[in-house]
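Okay, structure first, notes after.
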Amino acid sequence: MDEEFEKAVQEIKSKTGSNERDRLYELTGLFVLFGGAVLTLISYFIAGSQNSGNAQVDNLEHNEHMILAILGVAISLVGGFVYLRFSIGRYLRFWLLRQIHENNKFYQK
Amino acid sequence: MDKPLLQLDNILTGYGTIPVLHGIDLTLAEGDIYALLGPNGGGKSTLLKVCSRQIEPWKGNVKVAGRSMEGVAPEELAKVGVCTIPEGKGIFPNLTVSENLVMMTHSGTDLATIESITYDRFPQLSNKRKQLAGTLSGGEQQMLSMARALGTNPKILLLDELSMGLAPIIVKELYEIVAQLAEQGIGVLVVEQFARTVLGVATRAGILINGKIISEGSPNELEDQLSDAYLGTKGKI
Numbered sequence: 372m373d374e375e376f377e378k379a380v381q382e383i384k385s386k387t388g389s390n391e392r393d394r395l396y397e398l399t400g401l402f403v404l405f406g407g408a409v410l411t412l413i414s415y416f417i418a419g420s421q422n423s424g425n426a427q428v429d430n431l432e433h434n435e436h437m438i439l440a441i442l443g444v445a446i447s448l449v450g451g452f453v454y455l456r457f458s459i460g461r462y463l464r465f466w467l468l469r470q471i472h473e474n475n476k477f478y479q480k
Numbered sequence: 015m016d017k018p019l020l021q022l023d024n025i026l027t028g029y030g031t032i033p034v035l036h037g038i039d040l041t042l043a044e045g046d047i048y049a050l051l052g053p054n055g056g057g058k059s060t061l062l063k064v065c066s067r068q069i070e071p072w073k074g075n076v077k078v079a080g081r082s083m084e085g086v087a088p089e090e091l092a093k094v095g096v097c098t099i100p101e102g103k104g105i106f107p108n109l110t111v112s113e114n115l116v117m118m119t120h121s122g123t124d125l126a127t128i129e130s131i132t133y134d135r136f137p138q139l140s141n142k143r144k145q146l147a148g149t150l151s152g153g154e155q156q157m158l159s160m161a162r163a164l165g166t167n168p169k170i171l172l173l174d175e176l177s178m179g180l181a182p183i184i185v186k187e188l189y190e191i192v193a194q195l196a197e198q199g200i201g202v203l204v205v206e207q208f209a210r211t212v213l214g215v216a217t218r219a220g221i222l223i224n225g226k227i228i229s230e231g232s233p234n235e236l237e238d239q240l241s242d243a244y245l246g247t248k249g250k251i
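Chains A and B are the protein sequences, given in the same order. This note's numbering applies: residue 372 is where the first sequence begins, and numbers increase by one. This note's numbering applies: residue 15 is where the second sequence begins, and numbers increase by one.
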């Protein structure tokens, strides 16, 4: 057998389908989106329950929880973008395959 | 013994939940022209798609040069020299002949080489470089498709219904080219519904019916069994 061919075959990298990987990223994005929202809600309720009787301490605590809530919103946004990116990617891949398939069918008529 | 170029071990696969191939074993060595024959709907094209990894086998293994192809993407296989000429020509009908040749450079062969090989072998295409491939005659389209096999230096050639819709003289001419490729050491697996021409150049043949190879042997041995197979008096499951 052609040694060059045999070598090239041995060097092929096998990989799992990118579709499954995209699905994993999509789910991670969704998880992060809701995780950020939950963090924001928790921060809101904890901040609301701060009532030590010392306004200065309460203000300090409120500020910390506001920062956490904003961080939660930011995390949610990032998760949302990741989710959108990979769900649109998967949809477009499907759409492209459909286009190719229909195009082939049309020209074979 | 030398490793076969292509080896299928007990391949079982199908579409959705419907099985099409029921345990196919096949080997293809260098210089072999294996003609897989059988009536429509027997699973011939599906088998070729399994070989080129376009369809994942449910069970069994595809080996190329002795290596299992599990998890290998079809484009990777194409790059190393497994060339598929699909049913319906497999060209880009809305691109010109020249542009189609540009699309064949994916394997690393430069355009000048592909053009030179194509136009030397098929001079009629050189006069139609700017013509849309979809407007060529059936024979010319198949020639353009074959140019891929000639220009990209494949090691395994998978041909699906080369003769479909073509005049017998063109089919004969194309199979002569296939025979020349096999002489250079390329392994050719060809599936055909119309058997006579391919049996003239094949080194081995098999009859595929209802997803099973019911008979395998030399082309002469199989020629006698073909009528039975096509008329359904053999291979019922």
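Think of the CB as a built atom: it goes at the ideal place given N, C-alpha and C, for glycine as much as any other residue.
Among the options, nearest to residue i - alpha-carbon criterion
{"i": "Asn420 of chain A", "options": "A:Thr411, A:His433 and A:Ala408", "result": "Looking at the sequence itself, residue 420 of chain A is Ser, so the reference to Asn does not match. Here the closest residue by C-alpha is A:His433."}
{"i": "Glu154 of chain B", "options": "B:Pro137, B:Pro53 and B:Pro168", "result": "B:Pro137"}
{"i": "Leu404 of chain A", "options": "A:Glu374, A:Lys384 and A:Val449", "result": "A:Val449"}
{"i": "Ile441 of chain A", "options": "A:Gly406, A:Asp429, A:Gly424 and A:Arg456", "result": "A:Gly406"}
{"i": "Thr98 of chain B", "options": "B:Asp134, B:Lys144, B:Asn167 and B:Glu237", "result": "B:Asn167"}
{"i": "Leu173 of chain B", "options": "B:Ala181, B:Met160 and B:Gly179", "result": "B:Met160"}
{"i": "Ser66 of chain B", "options": "B:Trp72, B:Val96 and B:Asp39", "result": "B:Val96"}
{"i": "Tyr454 of chain A", "options": "A:His436, A:Phe402, A:Phe416 and A:Asn474", "result": "A:Phe402"}
{"i": "Asp393 of chain A", "options": "A:Tyr462, A:Ala445, A:Asn422 and A:Ser414", "result": "A:Tyr462"}
{"i": "Ser458 of chain A", "options": "A:Gln470, A:Asp373, A:Asn475 and A:Tyr396", "result": "A:Tyr396"}
{"i": "Asp373 of chain A", "options": "B:Pro88, B:Gly74, B:Leu125 and B:Gly45", "result": "B:Gly45"}
{"i": "Gln68 of chain B", "options": "B:Met83, B:Gly55, B:Ala79 and B:Asn54", "result": "B:Met83"}
Contact list for residue i against chain A, beta-carbon separation under 7 Å
{"i": "Lys169 of chain B", "result": "Asp373 and Phe376"}
{"i": "Glu89 of chain B", "result": "In chain order: nothing, as chain A lies at least about 10 Å away."}
{"i": "Pro107 of chain B", "result": "Tyr478"}
Bridge-paired residues (DSSP) for residue i
{"i": "Glu206 of chain B", "result": "B:Leu51"}
{"i": "Glu227 of chain B", "result": "It is worth fixing the name first, because residue 227 of chain B is Ile in this sequence and not Glu. The partner list for Ile227 of chain B (beta bridge, DSSP) reads B:Leu222."}
{"i": "Tyr29 of chain B", "result": "B:Ile32"}
{"i": "Ile99 of chain B", "result": "B:Leu173"}
{"i": "Leu20 of chain B", "result": "B:Leu42 and B:Val78"}
{"i": "Gly201 of chain B", "result": "B:Ile170"}
Residue burial classification, residue i (beta-carbon count within 10 angstroms, cutoff 16)
{"i": "Lys250 of chain B", "result": "Low confidence applies here, because Lys250 of chain B scores a pLDDT of 47, under 50, leaving its location unreliable and the question unanswered by this model."}
{"i": "Met117 of chain B", "result": "exposed"}
{"i": "Thr127 of chain B", "result": "exposed"}
{"i": "Asn234 of chain B", "result": "exposed"}
{"i": "Glu391 of chain A", "result": "exposed"}
{"i": "Ile47 of chain B", "result": "buried"}
{"i": "Ile32 of chain B", "result": "exposed"}
{"i": "Thr60 of chain B", "result": "buried"}
{"i": "Gln156 of chain B", "result": "buried"}
{"i": "His436 of chain A", "result": "buried"}
{"i": "Tyr189 of chain B", "result": "buried"}
{"i": "Phe376 of chain A", "result": "buried"}
{"i": "Asn24 of chain B", "result": "exposed"}
{"i": "Lys103 of chain B", "result": "buried"}
{"i": "Ile471 of chain A", "result": "exposed"}
{"i": "Gly424 of chain A", "result": "exposed"}
Interface partners of residue i on chain A, CB under 8 Å
{"i": "Arg218 of chain B", "result": "Near Arg218 of chain B there are no residues of chain A at all, since even the closest Cβ is about 18 Å away, more than 8 Å."}
{"i": "Glu113 of chain B", "result": "By Cβ distance, chain A contributes nothing, its closest Cβ being about 15 Å from Glu113 of chain B, past 8 Å."}
{"i": "Gly199 of chain B", "result": "Asp373"}
Within chain B, the residues that residue i reaches when beta carbons sit closer than 9 Å
{"i": "Ile338 of chain A", "result": "Residue coverage of chain A in this structure runs from 372 to 480, which leaves residue 338 of chain A outside it and unanswerable."}
Proximal residues of chain B, C-beta to C-beta of residue i below 7 Å
{"i": "Val380 of chain A", "result": "Val78, Ala79, Arg81 and Val94"}
Chain-ordered neighbours of residue i on chain A, where CB pairs are closer than 9 Å
{"i": "Gly148 of chain B", "result": "Tyr478"}
Minimum Cβ-Cβ distance from residue i to chain E less than 9 Å
{"i": "Lys73 of chain B", "result": "Among the protein chains of the structure shown, namely A and B, there is no chain E."}
- Query: Unbroken beta strand (DSSP E) runs of length 3 or more, entirely within the segment 39–87 of chain B: which are they?
  - Reply: The qualifying runs are 47–51 and 73–78.
- Uninterrupted beta strand (DSSP E) stretches inside the segment 97–168 of chain B (no shorter than 3 residues): Within the segment 97–168 of chain B, no run of beta strand (DSSP E) at least 3 residues long lies entirely inside it.
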